[in-house]
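Residue 948 in this note's numbering sits at position 539 of the sequence shown, with consecutive numbering throughout. C-beta atoms are modelled at their ideal positions from N, C-alpha and C, and glycine is treated no differently. Just so you know, these numbers come straight off a predicted model, no measurement behind them. Structure first, then comments.
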Amino acid sequence: MNVVPRETTTSQDGRFQLLVDAVTDYAIYMLDPTGVVVSWNAGAQRFKGYVESEILGTHFSRFYTEEDLATELPRRALEIAAREGKFEAEGWRVRKDGTHFWAHVVIDPIRDARGNLLGYAKITRDLTERKKTQQALRESEERFRLLVQGVTDYAIYMLDPQGHVTNWNAGAQRIKGYAESEILGCHFSQFYTDEDLATELPRRALETAAREGKFEAEGWRLRKGGTRFWASVVIDPIRNDQGELIGFAKITRDITERRQAQEALDHAQAALFQAQKMEAVGQLTGGVAHDFNNLLTIIVNNLDLLTRNAREPRDVKLIESAQRAAERGAKLTQQLLAFSRRQPLQPDTHNPNTLIEGFESVLRRACGEMIRLQLSLAPRIRWVSVDAPQFESALLNLIVNARDAMPNGGSLKIMTGNVTLSEKDSASSDLPPGQYASIAVQDTGTGMTPEIVNRVFEPFFTTKEIGKGTGLGLSQVYGFVTQSGGHIKVDSTPGQGTKVTMLLPAQETGIEMSEEEDEMERPARDSAGTVLIVEDEPAVLEVASDIFDSLGYDVVTATDANEAIKVLDGNLSIDVLFSDVIMPNGMNGVELSRKAREMRPDLKILLASGYPMSALPSEGLGAGVSFISKPYRWTELAEKLRGLRTGA
């Protein structure tokens, strides 16, 4: 076998010792099996403070703190090293002068070839500066955490790269309503509305932040309870030292009140602009109407003079045509003067309900056959000071406009009520606080966009086809209401209908209802239902309509079966079909009844005929169908209808 010369081994040991002694950043020394120091290098002397002569032969436990000595850490460290082959830890150690330093310690057992324990190699590194840096970082992070957690006006939280919430501050809990335990791990998209989710806004927001370095926006967000708030949102990407995306910082602020204040300011500015515009247009319109009246005066009088001397029928006809045109021009000027609030009014104290009820028949005729008119008039309505004919004219204009907005039929309701305006309410209507009577006309028509609503009261503005409206009807209503000291408001949604509300100042006197009267709202006058009358003879149709109207029914008419089927095919609610049996244009009343039953199985049907009932083909009509013979009286008709309702 080869034997290494002793000189070579000694030389190698010497070089190793030189290497150990040269290391100054590590304390490298040996312990005997009991923990006594048997060697000492320059690094140990540098940061422990002992020279070799002071420390050799002493126990290494002198480097440990009182706390570690109390737990016998030196003994346990040697036992672990001997048993497990290594002991490694970090902790406070003590220098010669008693100061502490943070040490990283490794103890390895040293054994001979037969496995006998000869001692321990101990390597210690001074990590005090790193410990201080880490401690400072932890303290900084803690201060930052306390700062973030102390903020309650902002929701400040972090997301992972996929958008899941990883922390949550008190402001987030206050604004969004979730406790930390409820939201950690959830995706932040649950704060977004369905509209934003449909456009994938959460995903796009994170992509924008990652790509551009920031995402900033305002929009509606959801609280825990589902309520909405207007939020200002900033999302910043968080990257590590290598530039890798590790998450996002998200800051949200609730600015709902600020938005509401801005909207109120915008509304007030828009209302002021509208009032100024309407005032300017009114002054211009009044001047034009005044000058136009002067011209009409000349024209009318000259036509009257020509009439006296006209002898030829052709001349008389031409003059009469010109006079009719002049009369129409005079009516237009009256409408213009109404808008500009220069029409002569003769106000008197009136009960709005009484005016409406007295004018009801005209309003119903104006609605036409396809419109179901209801009256819902509040009891003890406050009286108002108005020119009664002008009030009726304004109401008629509203009814006609509502009717034209429902070409396929629908419902129209006239409502009255008492309104009290507070200081806040009066600011939006330019009316002083106080008591007012409200008269509203609501339809189920096509509705209007906000742009059209802003212009509906302008003279000559109309959305109707050429030749179907002058654009002065609502202008006249506006002029009448404002000249009467009131306010008019339009609420409309495309596809859902329009509501026009007139507010007129209430009068302190003239209340005609007694204190004992029922305070319940007067029921709408459609309690009997709606009847579709099918009759080809105009005189008979008029009589039947009057009878049903007197019985409390809303009346819709048709002159033949084809018209009736069109009505039944629409959306209008029909309770009773009253039809003549013998009708022109093919389909008779019995055939119409069968068709109507297919379309509306619950429809009540009453057939009228001058023929004996036994001669009528009534097979297949079933229950809910009755006959009445012509001529009939209203009492007989009422009895038949009562039987249909009760099934008798």
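So, is residue i buried or exposed, given that buried needs 16 or more other C-beta atoms within 10 angstroms?
i     : result
M929  : Residue placement at M929 is poorly supported in this model, since its pLDDT is 40, which falls under 50; the coordinates are not used for a value here.
N806  : buried
S923  : Caution is warranted here: a pLDDT of 36 is assigned to S923, below 50, making its placement in the model unreliable, and the coordinate value is therefore given only provisionally. Exposed, because fewer than 16 other Cβ atoms sit within 10 Å of the Cβ of S923.
V964  : buried
P414  : Note on P414: pLDDT 47, under 50, position unreliable in the model; the coordinate value appears next. The residue is exposed, with fewer than 16 neighbouring Cβ atoms inside 10 Å.
A673  : exposed
N411  : With a pLDDT of 42 at N411, under the threshold of 50, the predicted position of this residue should be treated as unreliable, though the coordinate-derived value follows. Exposed, since its Cβ has fewer than 16 Cβ neighbours within 10 Å.
G634  : exposed
A747  : Confidence is the limiting factor: at A747 the pLDDT is only 49, short of 50, which leaves the residue's position unreliable and the question unanswerable from this model.
L913  : buried
S1002 : buried
K585  : buried
R723  : exposed
K726  : exposed
N718  : exposed
R791  : buried
K1013 : buried
Just tell me which of the options has its CA closest to the CA of residue i.
i     : options                 : result
A775  : V643, V809, R789, Y473  : V809
R1054 : S1038, T1044, L1015     : L1015
Y435  : S988, N762, K457        : K457
S831  : L821, T825, Y845, S820  : Y845
S802  : S847, T853, V865, V886  : V886
C595  : G572, T853, R613, T608  : G572
L440  : M779, I464, R502        : I464
F597  : V985, G622, E627, L631  : L631
F496  : I584, A512, I516        : I516
T508  : R471, L981, I765, P947  : R471
A498  : R485, Q454, L782        : R485
V574  : G656, V999, E604        : G656
T829  : E944, P842, R547, R723  : P842
D1011 : L986, Q651, A953, E488  : L986
L782  : A626, E769, I861        : E769
T1044 : V771, L960, I664, S893  : L960
S847  : M857, D603, P788        : P788
N827  : P798, P816, E917, V862  : E917
N762  : T665, T443, L784, R620  : L784
K975  : D958, A545, N760, R1009 : R1009
G979  : K541, V514, S820        : S820
L786  : L764, K540, T907, F800  : L764
Y601  : S1038, A614, W577, V445 : A614
E475  : E461, W449, R502        : R502
I489  : T891, Y529, L981        : Y529
R733  : E721, R720, L712        : L712
G466  : Y473, P442, G452        : P442
The alpha helix (DSSP H) with residue i in it runs from where to where?
i    : result
S802 : 797-813
I974 : 970-977
T763 : 761-767
Q405 : The requested residue 405 does not occur in the structure, where the chain is confined to residues 410 to 1057.
V446 : Per DSSP, V446 belongs to no alpha helix (DSSP H) and is neither H nor E.
Q582 : 579-585
S462 : 461-464
A479 : 475-479
S598 : Looking at the DSSP string, S598 is not in any alpha helix (DSSP H), and its letter there is neither H nor E.
I790 : From DSSP, I790 is part of no alpha helix (DSSP H); its letter is neither H nor E.
E589 : 589-592
So, under 8 Å CB-CB, residue i and residue j are touching, yes? Tell me the CB distance rounded to an integer number of Å.
i    : j    : result
T777 : T855 : Note that residue 777 is Gly in the sequence shown here, rather than Thr. Contact doesn't hold; Cβ gap of about 16 Å is too wide.
K659 : I644 : 5 Å
V940 : D984 : 7 Å
W511 : L536 : 5 Å
M992 : D945 : 5 Å
V850 : V909 : 5 Å
A797 : D757 : 7 Å
In terms of residue numbering, what span does the beta strand (DSSP E) encompassing residue i cover?
i     : result
M824  : 819-830
A849  : 843-852
S470  : Premise fails: S470 is in no beta strand (DSSP E) and is neither H nor E.
V862  : It is not in any beta strand (DSSP E) - V862 instead sits in the alpha helix (DSSP H) that spans 859-862.
T966  : 963-967
T855  : Unbroken run through T855: none, as it is neither H nor E.
A1017 : 1013-1018
Tell me, please, whether the CB atom of residue i is closer than 8 Å to any CB atom in chain B?
i    : result
Y845 : In summary, chain B is missing from the structure at hand, where a single protein chain is found.
- Quick one: which unbroken alpha helix (DSSP H) runs of 4-plus residues sit fully inside the region 492-570? Chain order, please. 537-559
- Query: Residue ranges of each alpha helix (DSSP H) run of no fewer than 4 residues wholly in the region 602-668, ordered along the chain?
  - Reply: 603-607, 610-621
- Item | Runs of alpha helix (DSSP H) lying entirely within the region 882-921, each at least 4 residues, in chain order | 882-892
- Can you list the beta strand (DSSP E) stretches of 3 or more residues lying completely in the region 978-1005, in chain order? 985-989
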